[in-house]
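The structure appears below as structure tokens.
Structural data, given as structure tokens:
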């Protein structure tokens, strides 16, 4: 299984969106309209540091979510009822166990998950045993193995995340004239 396979499964199957939405808003289980979502791959966030570039500008660290989901949990949702989900895809044990930067993503999305195949679920559980902010999605069985706590996101972090998504969407839709 590749990271692209995992992304394709997440994008084509909304089991995880439904489960997270129902966990957050139990009343939606009575609604006929399912939650809606958009999945964006490779979304970069910039984390402030004390470093300065040679031009005297701040030099932030960059971290890239494998995917971000923007979720509308029910048809009347707006404002604070909309939420974000950050996804880190792990398809090999070495990638999972060597990742020490995943905690840098905390504070940018309302929910954070590792999306892993069945073979990595126990290793992911071990890695996240003391972390309430990250959950686990077993992509093979379409189930959430560990639900993370909902996190309130600072306005500045939400703004940075949405700006990155919008900017990338606009750039990808642009056509460049040939010289």
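Residue numbers (the working numbering): 7 to 185. Just so you know, even glycine gets a beta-carbon here, dropped at the ideal spot from N, CA and C.
query                                                                                                                                                                              : result
Keeping to the same chain, check which residues put their C-beta closer than 8 Å to that of residue 41; ignore five residues upstream and five downstream.                         : 20, 23, 24, 27, 34, 77, 78, 79 and 80
At a cut of 8 Å, does the stretch 170 to 181 reach the stretch 113 to 126 through at least three beta carbon pairs?                                                                : no
For residue 155 versus residue 139, is the C-beta distance shorter than 8 Å?                                                                                                       : yes
How many angstroms separate the CA atom of residue 60 from the CA atom of residue 148?                                                                                             : 48 Å
Leaving aside the five residues before and after residue 85 along the sequence, list all residues of the same chain whose C-beta is less than 6 Å from its C-beta, in chain order. : none
Could you have a look at residue 66 and say whether DSSP puts it in helix, strand or coil?                                                                                         : coil
Just tell me which of 97, 127 and 93 has its CA closest to the CA of residue 109.                                                                                                  : 93
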